[in-house]
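Novice: Dumping the structure here so I can ask a few things about it.
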Amino acid sequence: MKTGNSADLCFKNGLVVTPSGVIEGGVALCEEKIVAVGRDEFLPRAEREIDLGGKYLLPGVIDPECHLGSHRPLADDFQSETRAAAAAGVTTWGMQLLSVMITGGADKIGGPKDIPSFTQAMPHYYEAAESAAIDFFLTPIVSTDEHVGEIPYLAGEHGISSFKLHLQMQGPWKASWPGYCFDDGSVFAVFQAVAKLGAPAIALLHCENWQIAQVLQKRLTEAGRTDMGAWEDRSPAFTEAGHARNYLYYAGVAGCPVYIVHCTTQETIAEIARAKAEGVTVFSEIGAHYLVLHKDAWKINVPLRDRSTHASLWRALADGAIDCLGSDHVAHTRTRESMESGNVWTTISGFPSRVEGLLPMMLSEGVNKGRISMERLARVASENPARIFGLYPKKGAIMPGADADLVVVDLKRRARVTKDMLHTVTPWSIYEGWDVTGWPIMTLVRGNIVMEWPEGTPRAAVTRNSPGRYIARKFRS
1 MKTGNSADLC FKNGLVVTPS GVIEGGVALC EEKIVAVGRD EFLPRAEREI DLGGKYLLPG
61 VIDPECHLGS HRPLADDFQS ETRAAAAAGV TTWGMQLLSV MITGGADKIG GPKDIPSFTQ
121 AMPHYYEAAE SAAIDFFLTP IVSTDEHVGE IPYLAGEHGI SSFKLHLQMQ GPWKASWPGY
181 CFDDGSVFAV FQAVAKLGAP AIALLHCENW QIAQVLQKRL TEAGRTDMGA WEDRSPAFTE
241 AGHARNYLYY AGVAGCPVYI VHCTTQETIA EIARAKAEGV TVFSEIGAHY LVLHKDAWKI
301 NVPLRDRSTH ASLWRALADG AIDCLGSDHV AHTRTRESME SGNVWTTISG FPSRVEGLLP
361 MMLSEGVNKG RISMERLARV ASENPARIFG LYPKKGAIMP GADADLVVVD LKRRARVTKD
421 MLHTVTPWSI YEGWDVTGWP IMTLVRGNIV MEWPEGTPRA AVTRNSPGRY IARKFRS
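Numbered by the working numbering, the letters in the sequence shown go through residues 1 to 477 in order.
Next comes the structure, spelled out in structure tokens:
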């Protein structure tokens with residue numbers, strides 16, 4: 001039986017990454033919370049103790065960007081993909097969803113009048129989420145003027161503080177992208193509505209000028225280009241940076257904080273710096289895939305870039321010019337062979353299983369190669385997104401009073417990526433065949449162990465010891 005000076009679980013003999021630095025020692029947990037952090041001799045006794053053997057203990061990853069329900073029912077994705085996230089050390093997931101992703105039936109949408117409201121969608125969302133293995137929050141993708149009008153309701157009734165705009169899909173109705181029908185007037189109205197909510201409300205932007213991309217694509221196809229690299233040539237750096245410049249200015253006029261997802265070019269980083277100098281509150285995100293894959297690997301929006309960009313993007317992440325990591329995860333049930341046609345224009349966009357590569361790539365290609373420190377990794381993967389999205393200090397850091405969301409990392413664990421290692425429903429990974437050194441080997445959500453990967457076993461074992469919870473965020477008065 002626990003006493004006032006005991007805990008449920010205690011990690012000892014580790015390297016604990018805290019907001020103030022790395023501590024040699026451990027962490028004590030009790031009733032879903034962290035109750036003590038410090039040297040081993042000062043930690044309380046616990047019902048169970050785990051010797052970390054010098055391994056790192058990090059705050060659980062907070063991944064602000066995933067897109068469940070994109071290719072199959074949302075409830076099915078909650079079931080499989082939150083387990084894939086747990087396997088990768090993710091303990092909180094930000095789900096960026098269209099209303100039609102929540103309600104299903106995208107194939108039945110014939111025009112803007114058929115797009116469901118989020119008022120209609122929210123009961124479906126809560127029902128689909130009942131099988132979640134990790135905690136989660138919602139970022140609605142605003143795609144109609146009706147959605148703009150729902151922002152105060154979503155904030156007040158559901159604790160939603162983040163709202164996304166797919167700027168590349170604005171304009172006249174596009175039957176190939178059901179669920180999008182808005183223009184610059186809608187965008188500015190979103191900025192005004194979000195600004196009115198107050199902190200931590202924020203607008204998320206996908207910056208990519210689709211109109212220019214269509215012109216360039218026509219030229220590339222006429223020139224006979226069919227290679228994967230043509231996808232980046234149709235949507236080059238200036239289409240991302242130009243969008244960022246325009247909409248950061250509008251956000252500044254409205255007084256709206258902005259978060260740019262997948263910031264992939266030095267030009268965009270420069271535009272963010274310009275906006276900050278002009279007083280705009282702006283944050284940015286990058287995915288591990290943009291740091292390690294090149295444009296010939298696959299097609300994705302925004303595109304993978306040339307290898308020459310990698311060094312500057314790593315520096316930007318390490319130095320603070322980029323604030324967060326995000327997987328931009330989607331799930332397919334299709335094989336690689338059925339997605340890749342040999343022609344970039346007919347190959348299916350968006351390679352899957354990104355979440356399971358997020359932390360391993362950052363450890364193997366980042367920390368172990370000296371491109372980013374473990375302390376900085378904890379900041380961009382946990383603390384910064386927690387602060388930006390209104391989750392801090394409950395989540396995002398190892399400190400007393402915070403949720404016991406933790407991930408144990410073995411920087412020496414070496415394994416070759418195979419499809420048999422995956423927990424996602426997707427039957428392949430873009431990283432298959434990579435030799436990766438540095439893996440998450442245990443994940444805890446609110447003190448419950450949801451993933452363990454014992455030495456010598458072929459892959460992590462994921463359980464659902466405690467159901468994931470929806471996080472309603474609170475606004476500051």
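A virtual CB, placed ideally from N, CA and C, is assigned to each residue, including glycine.
Give me the residue from MET442, ARG376 and HIS147 with the minimum Cα distance to VAL100.
Specialist: HIS147
Novice: Can you find the residues in the same chain that come closer than 6 Å, C-beta to C-beta, to MET1, ignoring five residues on each side of it along the sequence?
Specialist: With a pLDDT of 40 at MET1, under the threshold of 50, the modelled position of that residue is not reliable, and the figure given next carries that caveat. Within the same chain, MET1 has no close Cβ partners at all.
Novice: What beta strand (DSSP E) runs, 3 residues minimum, are completely inside the region 52 to 131?
Specialist: 56 to 59, 61 to 66 and 90 to 97
Novice: Among TYR392, ALA155 and GLU222, which has the Cα closest to the Cα of ALA203?
Specialist: Answer by Cα proximity: ALA155.
Novice: Helix, strand or coil: how does DSSP classify TRP177 here?
Specialist: In this prediction, TRP177 scores a pLDDT of 49, lower than 50, which makes its location untrustworthy; no coordinate-derived value is stated.
Novice: Spatial neighbours of THR437 within its chain, please: CB distance less than 8 Å, with the 5 preceding and 5 following residues excluded, ordered by chain position.
Specialist: LEU363, SER364, ASN368, LEU411, LYS412, ARG413 and ARG414
Novice: Evaluate the contact criterion for the region 299 to 319 versus the region 35 to 55: three or more CB pairs, one atom per stretch, below 8 Å.
Specialist: no
Novice: What residue range is occupied by the uninterrupted beta strand (DSSP E) comprising THR268?
Specialist: Segment 266 to 277 is the alpha helix (DSSP H) holding THR268; no beta strand (DSSP E) there.
Novice: Relative to the alpha-carbon of LEU52, which residue among HIS67, ALA85, ASN13 and SER80 has its alpha-carbon at the smallest distance?
Specialist: ASN13
Novice: Indicate whether VAL445 and ASP63 have their beta-carbon atoms separated by less than 8 Å.
Specialist: no
Novice: Between the Cα of SER349 and those of LEU359, TRP314, PHE191 and ARG336, spot the shortest distance and give me the residue it belongs to.
Specialist: ARG336
Novice: Give the straight-line distance between the Cα atoms of HIS289 and LEU358, rounded to the nearest whole angstrom.
Specialist: 8 Å
Novice: Under the rule that 16 or more other beta-carbon atoms within 10 Å means buried, what is VAL253, buried or exposed?
Specialist: By the 10 Å Cβ count, VAL253 comes out exposed.
Novice: Would you say the region 26 to 35 touches the region 333 to 347, given that touching needs at least three Cβ pairs under 8 Å?
Specialist: no
Novice: Output the distance between the C-alpha atoms of THR3 and TYR56, rounded to the nearest integer angstrom.
Specialist: Any reading at THR3 needs caution, since the residue's pLDDT is 49, under 50, leaving its predicted position unreliable; the model's value is listed next. Their backbone Cα atoms lie some 28 Å apart in a straight line.
Novice: GLU222 to CYS263, Cα distance in whole Å?
Specialist: 29 Å
Novice: Taking LEU293 as the reference, which of VAL380, VAL261 and TRP314 has the closest Cα?
Specialist: TRP314
Novice: Ignoring anything shorter than 3 residues, give me the beta strand (DSSP E) runs that lie fully in the region 398 to 469, in order along the chain.
Specialist: The region 398 to 469 contains, as complete beta strand (DSSP E) runs of 3+ residues, the segments 406 to 416, 435 to 445 and 448 to 452 (chain order).
Novice: Answer yes if the region 182 to 194 comes into contact with the region 148 to 167, meaning at least three C-beta pairs across the two stretches below 8 Å, and no otherwise.
Specialist: yes
Novice: When DSSP labels each residue in this structure, what does ARG48 get in the three-state scheme?
Specialist: For ARG48, the secondary structure class from DSSP, reduced to helix, strand or coil, is strand.
Novice: For PHE118, which of TRP428, GLU130, PRO112 and ILE102 has the nearest alpha-carbon?
Specialist: ILE102
Novice: How do the region 376 to 385 and the region 415 to 427 stand: do at least 3 beta-carbon pairs fall below 8 Å, yes or no?
Specialist: Put simply, the region 376 to 385 does not touch the region 415 to 427. Fewer than three CB pairs are less than 8 Å apart.
Novice: Could you tell me whether the region 6 to 23 touches the region 31 to 38, where touching means 3 or more Cβ pairs closer than 8 Å?
Specialist: Yes: at least three Cβ pairs fall under 8 Å.
Novice: Spell out a yes or no on whether the region 239 to 252 and the region 268 to 286 are touching, meaning 3 or more CB-CB pairs, one atom from each, closer than 8 Å.
Specialist: yes
Novice: List the whole-angstrom C-beta distance separating ILE471 from LEU391, where the pair is believed to meet the contact cut-off of C-beta under 8 Å.
Specialist: 7 Å
Novice: On the three-state DSSP scale, how would you describe LEU167?
Specialist: helix
Novice: By the DSSP assignment, the alpha helix (DSSP H) with LYS196 in it spans what residues?
Specialist: 184 to 197
Novice: Nearest-angstrom Cα distance between TYR259 and GLU47?
Specialist: 42 Å
Novice: In angstroms, rounded to a whole number, what distance separates the CA positions of THR463 and ARG83?
Specialist: 8 Å
Novice: Let's see if you can read the secondary structure: which residues bound the beta strand (DSSP E) around VAL17?
Specialist: 6 to 18
Novice: In terms of DSSP beta bridges, what is CYS324 paired with?
Specialist: GLU285
Novice: Cβ atoms of SER131 and GLN96: under 8 Å apart, would you say?
Specialist: No. Outside cutoff.
Novice: Can you tell me where the beta strand (DSSP E) with ASP504 in it begins and where it stops?
Specialist: The structure shown does not extend to residue 504, since the chain is modelled only from 1 through 477, so no value can be given for it.
Novice: Around the Cβ of TYR125, are there at least 16 other Cβ atoms within 10 angstroms (buried) or fewer (exposed)?
Specialist: With 16 or more other Cβ atoms within 10 Å, it is buried.
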